[in-house]
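In terms of UniProt numbering, the sequence shown opens at residue 1 and continues consecutively.
This report concerns only the one structure given below.
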Amino acid sequence: MPHVREHILDGIVVREWPHPEPRYLALVVHGYGEHAGRYDELAGVLTGHGAAVYGPDHVGHGKSAGERVVIEDFEDVVTDVHAVADLARAAHPGLPLVMVGHSMGGLIAARYAQRHGGELSALILSGPVIGAWELPGRLLALAEIPDTPISPAALSRDPAVGAAYAADPLVWHGPMKRPTLQAFVRTLAAVAEGGDVGPLPLLWLHGDDDRLVPLPGSRIGVERLSGGRQAERIFAGARHEVFHETNKADVFAEVIHFLDTALPERS
């Protein structure tokens with residue numbers, strides 16, 4: 001796999017998985033508490049398919065600046081991701097742009113598509129926080145947010161995934177923070193009210209044993225965002241991180257098949 005490069009944009013650290021002659025650009029938008037470095041394997045699949053891949057660590061996440069896991073406003077994160085898209089396009093003008101958003105990154109990617117959908121050629125949402133997600137409201141109703149980190153076992157049936165997550169110093173292992181929970185509530189509402197993304201090809205991936213972002217709540221949001229035109233693949237028995245699941249080869253094959261359909265023909 002090519003050497004990963006790093007760029008810094010106003011305190012946001014961006015990983016680039018380069019390709020010598022890409023035919024499209026892929027932007028990977030990571031989830032809550034984690035970082036873009038956890039997407040090495042997905043990036044390898046995409047570079048192998050002809051993409052130059054970019055992935056920012058969001059503010060307060062991974063190697064980027066900011067108080068840990070504090071996101072005051074997801075609109076600012078969308079703006080950060082747009083700056084990364086500009087960086088990628090400046091390096092490789094004129095190429096189609098694909099966005100892959102996981103979990104919280106699915107919320108960010110959905111909002112990005114509402115704000116800048118004309119710039120995208122395809123959108124992939126994995127276990128997206130979109131639609132009806134009850135956790136923020138439940139936690140905000142408490143006087144004190146409990147210090148219960150995400151259970152590594154909820155991520156994948158592969159115990160090695162949970163072990164690596166638990167040992168990763170760039171992953172946040174503490175409680176959720178009130179400003180971020182409040183921002184989730186606002187942005188879930190903004191996406192719900194923000195309209196659909198028209199003819200933009202959209203693929204929704206979800207595990208049917210996802211206990212962090214339950215499938216039925218996401219379906220409401222995905223169907224509203226896509227106008228009911230989404231392609232979808234629900235993986236039986238899979239947990240929250242389908243890209244790290246025991247059947248990840250099937251997940252990657254689904255991504256490649258979708259992109260072959262969605263992207264313009266190779267010239």
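All residues carry an ideal CB built from backbone N, CA and C; glycine is no exception.
For clarity, every value in this text was computed on a predicted model and none was experimentally measured.
- Pairing R178 with I145 gives a Cβ-Cβ distance under 8 angstroms.
- In this structure, P149 lies near H173, with their beta-carbon atoms less than 8 angstroms apart.
- Following the DSSP letters along the chain, one finds S103 in no alpha helix (DSSP H), marked with neither H nor E.
- V129 places its beta carbon less than 8 angstroms from that of F184.
- A check of alpha carbon separations from L42 across G228, A262, E254, T261 identifies E254 as the nearest.
- Comparing C-alpha distances from R211 to each of L9, P22, H92, A153 shows the shortest one belongs to A153.
- Here A113 is buried. Its C-beta has 16 or more other C-beta atoms within 10 Å.
- Contact between the region 47–64 and the region 2–20 is present: three or more C-beta pairs spanning the two stretches fall below 8 angstroms.
- A88 carries a helical assignment under DSSP once its states are collapsed to helix, strand and coil.
- In the structure shown, L140 falls within a helical segment according to DSSP collapsed to helix, strand and coil.
- If you draw a straight line from the Cα of L155 to the Cα of H30, it is about 14 angstroms long.
- Taking C-beta atoms as the reference points, L181 and L142 fail to come closer than 8 angstroms.
- Going by DSSP, E119 is part of no beta strand (DSSP E) at all; its letter is neither H nor E.
- Sequence-distant Cβ neighbours of E67 in its own chain, meaning closer than 6 angstroms and more than five residues away, are G60.
- The shortest C-alpha to C-alpha distance from A132 to any of F235, L170, R186 is the one to R186.
- Sorting L263, E134, E193, L97 by C-alpha distance to the C-alpha of S226 places E193 at the top.
- The Cβ atoms of S126 and L202 lie no closer than 8 angstroms to each other.
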